[in-house]
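Asks: The structure's right below; bear with me while I get my questions together.
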Amino acid sequence: MTESGFPVLSALIFFPLLAAVGLFFLRDERTVRLYTLVVGLIEMGLAAPLFRFDLSTANFQFVEIMPWVPAWNMNYHVGVDGISILMIFLTVLLLPLCVLCSWSYIGKRVKEFHFCLLLMIGACVGIFSALDFVLFYIFWEAMLIPMFLLIAVWGGPNKRYASLKFFIYTLAGSTLFLAAIVAFFVNTGTFSIPELMTHEYAFNFQFWTFLAMALAFAIKVPMFPFHTWLPAAHVEAPTAGSVLLASILLKMGTYGFLRFCLPLTPAASEYFAPLMITISIVSILYGGVIALGQKDMKKLIAYSSVAHMGFVTLGIFVFTMRGVEGAIMQMINHGITTGALFMLVGAIYERSHSREIADNMGLGKYLPAYMFFFGLFAIASFGFPGTNGFVSEALVLIGVFEANYLLGALTIPGVMLAAAYMLRLGLKLAWGQPSQAANWKDLNTREWVYLVPLAVLVLYLGLMPTLALKTINPSVVHLLNQYETRKTLHLESSLQPEPPAQVVQLPATRGTDQ
Amino acid sequence: MIFQIELFIPELYLLALIGGLFVLTVGPQSWWRFLRYLPLAASVGIGVAALSFQFSGLMFYEAYQVDALSQFFKLAIFLGLAVTCLNAMNQPTLSDEKRPDYFLFLCLSALGLMLLSSAVELVTIFLALELASYSLYALIPLRSKEPAAAEAGIKYILFGAVVTALAMYGLSYILGVHHTTYLSELVTKTWSWSETPAALIGIALFLGALFYKLALFPLHFWCPDVYEGASNETAAFVATLPKLGAVVVLVRLSSLLDPSMEVTMLLAVLAAVSMTFGNLCALVQTDLKRLLGYSSVSHAGYVMLGIVAGTPAGLSAAAFYAVVYLLMNLACFWVICRLSTDGRNLKLDDLNGLYQRSPGLALVLAVSAFALVGLPPTAGFMGKLFLLNSAWMEGYHWLVIIAVLNSAIAIYYYLNLVRHAYTRDAPVNASGDVQAVPNPGLLWGGLLAAAVLWLGVAPGTIFSFAQIAGAAAGGLLP
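This is the structure:
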């Protein structure tokens, strides 16, 4: 039970799932939309007790634990720390916004669409709050089913290919993750994540479990060679699907790195860090270059996601205080800005029925409000000072420079690329030769309603990131302290063969202090 | 004690049912209306089996052991029988005059499986297995106007007979070397290649008969053909209940299989090959029953994970998975039988637009397909997790890795079912309307799907039963 006695997290997980059942009794499409919207607002209300989160501790809070399968020592165990609570807030916020942005976009099978949406949100909250390995895996996989249906049923012309590719890629990646979970259980006799974090594992064991887990996470992020499912899925998915994909799904991979790889396999993380950093930088540069050449707006933003998520993994694997904090901030910020950009693409698609940049030009004159929001989220996306993107990218860059100057220098072109492709997109949309823009109406009230909260968040996090950073800080300090001690413990014990020398030279200065 | 009536209640109840059916087969046609109460009577059997869970003891000169393991499986067999009877009630390919006979054989086969779950002596096992098989030999060709049915029947009988002969031959080796056929005595004997090679050959041949029932590689070849040839309803029975019987005997025999034995490694290899081969073949199938046939070959491999582990944990995981497999496969076949109103074999394309034609059936199909893949939050995932855990604990890391990689392969063809049902457009009839599927009995399919989901979310209760059963089998160990 929680301190307050009210099971906040369980309510957040199961309320949308139960509410989804209620959809079966509704007939009218409008009622379905209104119902889901109200469910979303109630869900936000249910999240209110989370504001009593204690900022001074790195412990898991709002913990609920109940026996589940005693024979295998499985428990229903949920709780949040500074790393996960912000992701839960973002998830909960997105539900009503997704309903609003699909209001006129989704025309068929409306009831089922909202059913999938509610399942997604429940499962996503579950992912970020699960403290039992099996529970985590259940939510992690269960979330795939509604996402698959969102793409496969409501997607664009190429939806069959995209949905199948998405499903098989991500599921195939996580099957080995399951083997890793089994391995951890057999090694320790528990599925409890906090308990698993207190154990020490042999290097050989860490080596293989890290690989198994990292493959699942890298596909989800997605990191460079495993990213090919992403553009297809993004382009074909309906707006709400793209938003959830970009804002939450991709974060599950980086969340996995933070929650499992660093605390459970510190020595292997250290060993593989050069590889992970290399892939991250390749992702940043590759995603940027490819985004620069895109003609399709959604594809451009999808590739920019590859680059942005590269910053997150880079921040994590330099193992510096600011790097990791920046990575977590970037997870939140990318969720906000990219989600908003996808919503804007959806909004213009409703007018032009095309996602080609060439078909949507000249908006600056005819749709000024639209262009205002687009401009705001675009500059936030490439990290313009004053927006949230700047805070996270700057933190990551500082973290990287703290670790190694060369790495920092390699990352800088990625930042410039981001500015290049986003400005190119913004310029063309605003001042390009208008084709039909004159006939379109500017943003309507509904669109204002779902864009304003995101815009406020962009500016709030950009100008006053203190509260968010304070929330993250104790958990990150704890994570890195634990990582440092366990990694060195391992090296001192020297029971295992020394990892090759390349590991040792990597981060030159490592600040665990503020 | 030769006979204790309270230990034999579930079997007696089923025998009474069979007696009633026999009367129907010879009686006047006007009595046949009683046939429709059969599913109800079989469901009562679930309760009867549940009530007798508390009893345990040995009967029939200690050849027949009633314990938690056997009672657990008897319960599951009654459950499966009730569902398959209900499923086969309005079978379109069965001519009317054969209807009572059909159910008579169905129940006889179930009786054989029930005896099998209690048999702890090789000859008894053999006889029970034959009782279960002979009834099926009669059932499979009972599909009127279908040449493939006769072919399937002959295939099943011929290969079944050969395997029976081999098992008998193996039994003679065991008897010759160890001078006993009681499992409780056989566990005390030495089973090593160096000392008693003949006994080892004997047990391998005897296991072959069970592998045949389970459709484990390399004795799987009948499976897709028989499924394809048999009517949908018969295939639903053949695909589920005999597997339970095979698993229960394997669970019993596994107490003979010392983990250090060469046989165990051989079983592990067979399990790995079975999974991979079954999945790879299923990838290219377009006939639904053939697809499920090959998928059952791979599931046989999964069950072997628990048997190979051989620990009480592994055996209970295998028992649990067998029940889960029963449920999810029955749910899948339920949809196939409801869809195929004229009794023909369905192709993948026949599922197109099922979502529009019958949302309920589409949902049941989706749940069972995701369960067969082993995706949470379904029972298939929990079952697989328990199996993987138990195999990893015994050090079969490579086998676990192969098993999870195989799940990745399996995703493709199971997902195909869902894709056809949900993302393709339904065929339209002349007036331009979507052809609706008349779906009586959707409730039962829904219940099966709900059970699959429930066991995935809260496997605790059933698993603790399976655990008692697994421990009971482990109790045979000296």
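Residue numbers (the numbering used here), protein chains in the order written: chain G, 52 to 565; chain U, 4 to 481.
In this text, a Cβ means the ideal position worked out from N, Cα and C, and glycines have one as well.
Only a predicted model underlies this, so the values are computations on that prediction, with no experimental measurement involved.
#1: Hey, how far is the Cα of G:A223 from the Cα of G:F275?
#2: Just how far apart, CA to CA, sit U:L111 and U:L219?
#3: Using 8 angstroms as the threshold, is the C-beta distance between G:G459 and G:I335 below it?
#4: Let me know the secondary structure DSSP gives G:D79 once reduced to three states.
#5: Find the residues of chain U that neighbour G:W482, judging by a C-beta separation of less than 9 angstroms, and give them in chain order.
#6: Nearest-angstrom Cα distance between U:Q288 and U:F106?
#7: When the cut-off is 8 angstroms and only beta carbons count, does U:R360 lie next to chain G?
#8: Is G:S61 close to chain U, meaning its C-beta is less than 8 angstroms from at least one C-beta of that chain?
#9: If you count every other CB in all the chains shown that lies within 10 Å of the CB of U:T96, and 16 or more means buried, which is it?
#10: Report yes if the C-beta distance between G:N483 and G:G413 is below 8 angstroms; otherwise report no.
#11: What would DSSP say about U:V190, mapped onto helix, strand or coil?
#12: Considering only residues of the same chain and omitting the five flanking positions on each side of G:L201, which have a CB-CB separation below 8 angstroms?
#13: Taking a contact to mean a Cβ-Cβ separation below 8 angstroms, would you say G:M264 touches G:C312 in this structure?
#14: Any idea if U:R39 is buried or exposed, counting beta-carbon neighbours within 10 angstroms, 16 or more meaning buried?
#15: Please check if any C-beta of chain U sits within less than 8 angstroms of the C-beta of G:V233.
#16: Output the distance between the C-alpha atoms of U:L420 and U:L295, rounded to the nearest integer angstrom.
#17: Three-state secondary structure (DSSP) at G:M125?
#18: Between G:M380 and G:S443, how many whole angstroms is the CB-CB distance? I'm expecting something under 8 angstroms.
#19: Of all the CB atoms in chain U, is at least one closer than 8 angstroms to the CB of G:R537?
#20: Along chain G, which residues have their Cβ under 8 angstroms away from the Cβ of U:A411?
#21: Please list, in chain order, the chain G residues whose beta carbon lies closer than 7 angstroms to that of U:N332.
#22: Using a threshold of 8 angstroms, state whether the C-beta atoms of G:M327 and G:T279 are closer than that.
#23: For G:P58, decide whether its Cβ has a neighbour in chain U, counting only Cβ atoms nearer than 8 angstroms.
#24: In chain order, what are the residue ranges of uninterrupted beta strand (DSSP E) at least 3 long that sit wholly in the segment 45 to 125 of chain U?
#25: Which same chain residues, not among the five before or five after G:R406, have their C-beta less than 6 angstroms away from its C-beta?
#26: Starting from G:E115, trace the beta strand (DSSP E) both ways and give me its first and last residue.
#27: So does the segment 515 to 525 of chain G actually touch the segment 130 to 142 of chain G, counting three or more Cβ pairs closer than 8 angstroms?
#28: Give me the Cα-Cα distance between U:Y215 and U:A79, rounded to the nearest whole angstrom.
#29: For the segment 148 to 160 of chain G against the segment 496 to 512 of chain G, are there 3 or more C-beta pairs whose distance is under 8 angstroms?
#30: For a contact meaning CB atoms closer than 7 angstroms, what does U:Y415 contact in chain G?
#31: Counting contacts by CB-CB distance shorter than 8 angstroms, is G:F452 in contact with chain U?
#32: U:Y64 to U:Q7, Cα distance in whole Å?
#33: Residues in the segment 189 to 205 of chain G with C-beta within 7 angstroms of chain U's C-beta atoms, listed in sequence order?
#34: Under 7 angstroms Cβ-Cβ, which residues of chain G neighbour U:V403?
#35: Following the continuous alpha helix (DSSP H) through U:W35, name the residue where it begins and the one where it ends.
#36: Just how far apart, CA to CA, sit G:I270 and G:F199?
Replies: The relevant details are as follows:
#1: Reading the first sequence from its first residue, position 172 is the one you call residue 223 of chain G. Reading the first sequence from its first residue, position 224 is the one you call residue 275 of chain G. If you take the alpha carbons of G:A223 and G:F275, they lie about 17 angstroms apart.
#2: Walking along the second sequence from the start, residue 111 of chain U turns up at place 108. Walking along the second sequence from the start, residue 219 of chain U turns up at place 216. One C-alpha to the other measures close to 24 angstroms.
#3: For this step, residue 459 of chain G is matched to residue 408 along the first sequence. For this step, residue 335 of chain G is matched to residue 284 along the first sequence. Taking 8 angstroms as the Cβ cut-off, G:G459 and G:I335 do not qualify as a contacting pair.
#4: For this step, residue 79 of chain G is matched to residue 28 along the first sequence. Residue state, collapsed to three classes: coil.
#5: The residue you call residue 482 of chain G lines up with position 431 of the first sequence. Simply none; closest approach about 40 angstroms.
#6: Here the question's residue 288 of chain U lines up with position 285 in the second sequence. Here the question's residue 106 of chain U lines up with position 103 in the second sequence. Distance between the alpha carbons of U:Q288 and U:F106: 30 angstroms.
#7: Your numbering for residue 360 of chain U matches position 357 in the second sequence. No, U:R360 does not count as interfacial toward chain G.
#8: As a working note, residue 61 of chain G is residue 10 in the first sequence. Not one chain U Cβ lies under 8 angstroms of G:S61.
#9: Looking up residue 96 of chain U in the second sequence gives position 93. The residue in question, U:T96, is buried, as its Cβ has 16 or more Cβ neighbours within 10 Å.
#10: Stepping through the first sequence from its first residue, residue 483 of chain G is reached at position 432. Stepping through the first sequence from its first residue, residue 413 of chain G is reached at position 362. A quick correction: the sequence has Gly, not Asn, at residue 483 of chain G. A contact, by the Cβ cut-off of 8 angstroms.
#11: On the second sequence, position 187 is the one that residue 190 of chain U refers to. In this structure, U:V190 counts as coil in the three-state DSSP scheme.
#12: Working through the first sequence from its first residue, we reach residue 201 of chain G at position 150. F164, C167, L168, M171, A288, P289, A291, G292, L295, listed in sequence order.
#13: As a working note, residue 264 of chain G is residue 213 in the first sequence. As a working note, residue 312 of chain G is residue 261 in the first sequence. A contact, by the Cβ cut-off of 8 angstroms.
#14: In the second sequence, the residue the question calls residue 39 of chain U occupies position 36. Burial call: exposed.
#15: Taking the first residue of the first sequence as 1, we reach residue 233 of chain G at position 182. Chain U contact via Cβ: present.
#16: Here residue 420 of chain U corresponds to residue number 417 of the second sequence, with the count starting at 1. Here residue 295 of chain U corresponds to residue number 292 of the second sequence, with the count starting at 1. Their backbone Cα atoms lie some 11 angstroms apart in a straight line.
#17: Locating residue 125 of chain G in the first sequence gives position 74, counting from the first residue. If DSSP states are grouped into helix, strand and coil, G:M125 belongs with the strands.
#18: As a first step, residue 380 of chain G is located in the first sequence; it is residue number 329 there, counting from the start. As a first step, residue 443 of chain G is located in the first sequence; it is residue number 392 there, counting from the start. The pair is a contact, with the Cβ atoms about 4 angstroms apart (cut-off 8 angstroms).
#19: Looking up residue 537 of chain G in the first sequence gives position 486. Not closer than 8 angstroms to any Cβ of chain U, the Cβ of G:R537 fails to qualify, so no.
#20: Position 408 of the second sequence holds residue 411 of chain U. Near U:A411 (Cβ distances below 8 angstroms), the residues of chain G are I219, L222, A223, T226.
#21: As a first step, residue 332 of chain U must be located in the second sequence, where it is residue number 329. The contacting residues do not exist; U:N332 stays about 20 angstroms from chain G at best.
#22: Position 276 of the first sequence holds residue 327 of chain G. Position 228 of the first sequence holds residue 279 of chain G. No. Outside cutoff.
#23: By 1-based counting over the first sequence, the position of residue 58 of chain G is 7. Closer than 8 angstroms: no.
#24: 60 to 62, 67 to 69
#25: For the purposes of this step, residue 406 of chain G is taken as the residue at position 355 of the first sequence. Cβ neighbours of G:R406 beyond the five flanking positions: D347, M348, K349, Y400.
#26: Your numbering for residue 115 of chain G matches position 64 in the first sequence. Residues 112 to 120.
#27: yes
#28: Counted from its first residue, the second sequence places residue 215 of chain U at position 212. Counted from its first residue, the second sequence places residue 79 of chain U at position 76. Those two C-alpha atoms are separated by around 21 angstroms.
#29: yes
#30: Here residue 415 of chain U corresponds to residue number 412 of the second sequence, with the count starting at 1. Residues of chain G passing the Cβ test: I219.
#31: Position 401 of the first sequence, counted from the start, is the residue given in the question as residue 452 of chain G. By this cut-off, G:F452 is not an interface position.
#32: Along the second sequence, read from residue 1 onward, the residue named residue 64 of chain U stands at position 61. Along the second sequence, read from residue 1 onward, the residue named residue 7 of chain U stands at position 4. Approximately 12 angstroms between the Cα atoms of the pair.
#33: I189, E192, A193, I196, L200, A203, V204
#34: Locating residue 403 of chain U in the second sequence gives position 400, counting from the first residue. The contacting residues are A230, V233.
#35: The sequence position of residue 35 of chain U within the second sequence is 32, counting from 1. That residue, U:W35, is in no alpha helix (DSSP H); it is neither H nor E in DSSP.
#36: Position 219 of the first sequence, counted from the start, is the residue given in the question as residue 270 of chain G. Position 148 of the first sequence, counted from the start, is the residue given in the question as residue 199 of chain G. Approximately 16 angstroms between the Cα atoms of the pair.
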